[in-house]
Amino acid sequence: MRGILRIGYRLLVNDRGKFIALLLGITFSVFLMIQVTSMFAGMMKKASATVTNTGAKMWVLDSSVTNVASSIPLPDYVLDAVRSIHGVKYAVPLYSGAGLVRLKDGTYQAVSILGLDDTSLFGRPVLLQGQISDIYAENGFLVVKDEEFGKLHNPGIGTEFEINDNRGVIVGIAKVPASGLFGMPTLYTTFSRAVQYIPSMRYTVSYILVEPASDAAIPGIKQEVAKLGYESLTEAEFIDKITHWYMFGTGMGINLLIMTGISFVVGLSISGQTFYTFVLENLEKFGALKAIGAKGRELVYMILFQAGITALAGYGLGVGLCALLIALAKFRVRDYASIITFNNLGMALGMVLVIASLSSYFAVRRVLRIEPFDIFRG
Amino acid sequence: MTVGVAIQAVGLSKWFGSGETRTQAVKDVSFEAAFHEMLYIVGPSGSGKTTLLSMLSGILRPSAGSVRVEGVDIWALDENRIADFRLHKVGFVFQDYHLFNKLTTVENVAIPLILRGQDWNDSLKEGQKYLEVVGLANRANLPPSKLSGGEQQRVAIARAIVSAPDILIFDEPTASLDGDTGRKILEFVRTKVLTEQRCILTVTHDDRIYEYADRILKMEDGRLIGSEKGGAHA
Ligand SMILES: Nc1ncnc2c1ncn2[C@@H]1O[C@H](COP(=O)(O)OP(=O)(O)O)[C@@H](O)[C@H]1O
Ligand SMILES: [Mg+2]
């Protein structure tokens, strides 16, 4: 059996032109699929940045909220009600909104603003410079040093600015795991200052962050929050909800689907075609092998092996190429979003295996139909 | 000199098609072939020679009759066993050779051994020996497409005999060769390939090579119509 696989390998690889065409087809297709899905994954990571950066186990929100950036304020009584739910260890408010910063040179810059619970500062970022307690100082704000930091003209501790006609001063430089989708710098301050400085509606609490007493308490909390007419989600569920919305509530999903579909079709048509042609060209020879004494089953394994090698080699090349390009792009463009996730890799692998299976299915059918007698008659 | 009966065909018949187009390509053919015999089957085109040869060699199932090779009724075996029978007992030289141009010449020769599950490198070594036998040792690493017609025929012969088969099958071995080359090949087969443990069946209608046959069976319209001694005993 190993022998006939080796014959198959030699036949495939020595057919230089076709082998290269096969590899290119798969490589290109994998490259496109991973490229487009990584882009999406990267954007989703940014879209959920506030959620990941805050690090709360559970979020209470208005069930109409589609993504973390467009919050719907909650009445204050909800906070008290949540605090009294059995199984809630503690619950704190989070303010999430946007403001306009007027820079020294008179230009304006939109920023996102997070207001942390005054007593606990739950969800605060890691500080690179400054003291966290300075956030309580007059007009104190923390600024996140991410790719958007430069848009505020690289402020330092003590830098003053105007925010929605109030004075602000930078008291700390922070870092966060993920930066946002909209290319805006991020400022942190206390909940009360945020509410005071940023014009808001009657209700001021954007989200309630909940620490459950234990994981077992989560279902109970969800039920109680639902009774209040609100929704509570774990961190992962909230990220899923956001991703789902971008996917299906905007045009992104359908575009993603179209691009992935196109990549798949490109791969299938180039590689499937070529592989089928390869098998057809060798059909008589395979028939001769059958006449000599190769069994149908052995020829099938040979074909599957050939398709498998091509698929995996092409997959590897495609993934490598994509990783290389993303690395290069990130090197040049710091907030280039793409991230290759295991899901993307798995999905592309699945697609490639589908391409390989479809191509070899038709090839195998042809090979099984060869009659050695027809070969013998010439 | 003759060791014994290699092939015994009894009442072989083959029909093709069905209904209106049903035709009988081989009609009730019986004969025996011995070891150390070079047996020709001759006759006009369409007389059923290839069909008969295929039934004798385990390639085409007869509509009626039986084939015994070394006493074994081959058509009583299942598909896999018949494939094994071909792999272990029969060597084929196809009319248009069917060599793989994407493999080297020596790899082509080694194929039957590789299919038998023999180690790759051992198979190639053995293949090389048989390339020497057919005088093509220096062509081992070229693709067959680089060789002349006569050389390709010899490669096909080397491939057919590399696994030391008891039965050797040639279909129109000289069809695509010029007269001289054809005669040289058959002379080579007669003197070097025919052994005491081997029976060679050759289909041809090239009378220039009759001199190498022990016996010549004549076919016409699917029937055996006679047999005569070949030139080897003239
Ligand atoms: N697969 C087939 N289907 C239908 N008819 C066939 C088939 N194979 C051979 N025949 C017919 O059987 C007859 C004998 O063919 P063949 O054995 O190839 O003759 P030969 O080898 O003597 O030229 C021919 O009339 C041919 O047309
Ligand atoms: Mg014929």
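So the sequences go chain by chain: A and B. Under my numbering, think of the first position of the first sequence as 147, with each following residue one higher. Under my numbering, think of the first position of the second sequence as 853, with each following residue one higher. The C-beta atom is built at its ideal place from N, Cα and C for all residues, glycine as well.
Less than 7 Å between the beta carbons of Asn960/B and Arg913/B, yes or no?
no
Can you tell me the Cβ-Cβ gap for Asn199/A and Ala324/A, rounded? I've got them flagged as a contact below 8 Å.
The pair is a contact, with the Cβ atoms about 6 Å apart (cut-off 8 Å).
Distance check for Asp263/A and Ala372/A, CA to CA, integer angstroms please.
23 Å
Round the Cβ separation of Ala1008/B and Phe946/B to the nearest angstrom and send it over; I've been treating them as touching at under 8 Å.
Taking the Cβ atoms as the reference, Ala1008/B lies roughly 7 Å from Phe946/B, within the contact range of under 8 Å.
Cα-Cα separation, Met853/B to Arg515/A
Only weak support exists for where Met853/B lies, its pLDDT of 41 falling under 50; the value from the coordinates is given anyway. Between Met853/B and Arg515/A, the C-alpha separation is close to 43 Å.
Could you confirm whether any beta carbon from chain B is found closer than 7 Å to the beta carbon of Ile438/A?
yes
If contacts are defined as beta-carbon pairs under 8 Å, then Ala227/A and Val356/A qualify, I think. What distance do you get, rounded to the angstrom?
12 Å between Cβ atoms; not a contact.
In three-state terms, what does DSSP make of Leu912/B?
coil
The alpha helix (DSSP H) enclosing Lys866/B, as first and last residue numbers
Membership of Lys866/B in any alpha helix (DSSP H) is not indicated; the residue belongs instead to the beta strand (DSSP E) covering 857-868.
Return the bridge partner residues of Trp205/A from the DSSP annotation.
Leu355/A, Leu379/A
Less than 6 Å separating the Cβ of Lys879/B from some heavy atom of ligand 2?
no
Within chain C, the residues that Pro964/B reaches when beta carbons sit closer than 9 Å
Here the protein chains are A and B, and chain C is not one of them.
Under 7 Å between beta-carbons, which chain B residues line up against Lys431/A? List them in chain order, please.
His950, Phe952
Does the Cβ of Phe177/A have 16 or more other Cβ atoms within 10 Å, making it buried, or fewer, making it exposed?
Result: buried.
Just the C-alpha distance for Tyr892/B and Gly163/A, rounded to the nearest angstrom, thanks.
43 Å
Rounding to the nearest angstrom, what Cα-Cα distance links Phe477/A and Leu471/A in this structure?
10 Å
Looking only at C-alpha atoms, which of Ala861/B, Gln860/B, Ala962/B, Ser909/B sits nearest to Ile1019/B?
Ser909/B
Is it buried or exposed for Met347/A, if we count other Cβ within 10 angstroms and need 16 for buried?
exposed
For Gln452/A versus Gly154/A, is the C-beta spacing smaller than 7 Å?
yes
Grab me the residues of Arg826/B's own chain with a C-beta within less than 8 Å of its C-beta, minus the 5 sequence neighbours each way, in chain order.
Here chain B comprises residues numbered 853 to 1086, so residue 826/B is not present and cannot be evaluated.
Flag Ile911/B as yes if its beta-carbon sits less than 7 Å from any beta-carbon of chain A, otherwise no.
yes
Distance, Cα to Cα, Val289/A vs Gly261/A?
12 Å
Given 6 Å as the limit, tell me if Lys901/B has its C-beta closer than that to any heavy atom belonging to ligand 1.
Yes, Cβ of Lys901/B sits closer than 6 Å to a heavy atom of ligand 1.
Which same chain residues, not among the five before or five after Ser906/B, have their C-beta less than 8 Å away from its C-beta?
The beta carbon of Ser906/B is closer than 8 Å to those of Leu912 in its chain, skipping five residues each way along the sequence.
Does the beta carbon of Ala459/A sit closer than 7 Å to a beta carbon anywhere in chain B?
no
Residues of chain B with CB under 8 Å from Arg156/A, in chain order?
Those within 8 Å of Arg156/A in chain B are Lys954, Leu955, Glu959.
By DSSP, does Asp1018/B sit in helix, in strand, or in coil?
coil
Relative to the C-alpha of Phe174/A, which residue among Thr336/A, Val498/A, Met189/A is closest?
Val498/A
According to DSSP, which residues form a beta bridge with Asp925/B?
Answer is Arg920/B.
Beta-carbon proximity of Gly856/B to Phe883/B, cut-off 7 Å
no
Hey, could you find the ends of the beta strand (DSSP E) Arg1067/B is sitting in?
1067-1072
Report buried or exposed for Gln1005/B, applying the criterion of at least 16 other Cβ atoms within 10 angstroms of its Cβ.
By the C-beta density criterion, Gln1005/B is buried, having at least 16 other C-beta atoms within 10 angstroms.
Please report the residue range of the beta strand (DSSP E) in which Asn312/A lies.
312-321
Any non-hydrogen atom of ligand 1 within 6 Å of Ser897/B CB
yes
DSSP three-state label for Thr212/A, please.
Reduced to three states, the DSSP call for Thr212/A is coil.
If we call anything under 7 Å between Cβ atoms a contact, is Tyr1064/B one with Leu1038/B?
Yes.
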